[in-house]
Amino acid sequence: MFVFLAISFTASFVLFGVGTGFGGLQDILLQNDGVAGGPSENDARDRIADNPKDAQAYRDLATALQNQQKSDESIAPLAKYLELEPSDIDSQRELAALYLQQADQYRTQAQLAQLGLQNDVPGAVFQPSSESKIGSALASDPITDALSSRHNVALNEAFTKMTDALTSAVAAYKVVATAQPNDSAIQFELAQTAEAANDLATAIAAYKRFLKLAPEDQSAPAVTERIAQLEERLAPAPEG
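Going by this note's numbering, the first residue of the sequence shown is number 7, and it counts up by one from there.
(1) Since A61 and Y87 should fall inside the 8 Å C-beta cutoff, what is the C-beta to C-beta distance between them, to a whole number of angstroms?
(2) Distance check for S190 and L71, CA to CA, integer angstroms please.
(3) What are the boundary residues of the alpha helix (DSSP H) that E231 is part of?
(4) Just reading off the alpha helix (DSSP H) that D52 is part of, what are its end residues?
(5) Here's the rule: buried if 16 or more other CB atoms are within 10 angstroms of the residue's CB, otherwise exposed. What is V159?
(6) Going along the chain, which residues of its own chain have a beta-carbon closer than 6 Å to the beta-carbon of A102, five neighbours each way excluded?
(7) Helix, strand or coil, according to DSSP, for P78 in the structure here?
(8) If you reduce the DSSP assignment to three classes, tell me which class P83 lands in.
(9) Name the residue from S93, N73, L196 and L67 whose alpha carbon lies nearest to the alpha carbon of L84.
(10) Drop a sphere of 10 angstroms on the beta-carbon of N73, count the other beta-carbons inside from all chains shown, and report buried for 16 or more, exposed for fewer.
(11) Can you give me the Cβ contacts of K214 inside the same chain, cut-off strictly under 7 Å, excluding the 5 residues immediately before and after it?
(12) Helix, strand or coil for A243, going by three-state DSSP, please let me know.
(13) With DSSP run on the structure shown, which of helix, strand or coil describes G44?
(14) Take the Cβ of R65 as the centre, count every other Cβ of all protein chains shown within 10 Å, and call the residue buried at 16 or more, exposed below.
(15) Per DSSP, what kind of secondary structure is D110 in: helix, strand or coil?
(16) Helix, strand or coil for S93 per DSSP?
(17) Please go through the same chain and pick out, in chain order, the residues whose beta-carbon is closer than 8 Å to the beta-carbon of A243, but skip the five residues on each side of it.
(18) Hey, is Y105 close to the ligand FMN, as in C-beta under 7 Å from one of its heavy atoms?
(19) Counting only the same chain and skipping the five closest in sequence on each side, list residues whose C-beta sits under 6 Å from that of T184.
(20) Taking the alpha carbon of K218 as the reference point, which residue from N57, F194, N48 and G122 has its own alpha carbon closest?
So, in structure tokens, the structure goes:
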């Protein structure tokens, strides 16, 4: 069934599966994890220094970093590789999965910051009237203000980074979907990622493409229902 993941600052329709729903996409990344005798990070960096246009060196650097569990660091060289080799669709899909993994990390950071705010500064959630004596005292408490500011900065920073990562994932998936327009699974992944990024127009279009390619899929009824919900959200609010 479809899984809905909600936290107080956002709600995202996510992939079938466990946890955030992006777990299935991580299979793409696991192909590179822990491969003995894989590319050497130092060797790849040396080759890049010798020839900044050596596409394979960037690809090898990205793989080497993933083998060291440095997924975030592998994004930049993989993106550079794809600038030089845009036709490598498997690597483009891998890049999308890396961005999704990164977004999930930032989502967790945002949730922790929000939890910290609620625990350390309960008044940020249940604030008494500032006109009352208690409310006035809380509002002017420098410790409370400092804690609230710290947690809010962390929350906003994590949320912004999560949104940026999701937007980058959508861009990567659009490239894949354009190259493989008849792959229903990719259309579904694009739709889910776009919805998580709040790009509802892209999500709706990809869901419709998915239904056209796989009308008999067991998830088709749920996808049809979801399209209607998203179109309702996207429709302009009635005037008056």
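Note that beta-carbon positions come from the ideal geometry of N, C-alpha and C, so glycine has one too.
Looking at the coordinates:
(1) 5 Å
(2) 31 Å
(3) A226 to L240
(4) E47 to D56
(5) exposed
(6) A175, A178 and Y179
(7) Reading off the sequence, residue 78 comes out as Asp, not Pro. D78 falls in the helix class under three-state DSSP.
(8) helix
(9) L67
(10) buried
(11) I233
(12) coil
(13) coil
(14) buried
(15) helix
(16) coil
(17) none
(18) This structure simply doesn't include the ligand FMN, nor any ligand for that matter.
(19) none
(20) F194
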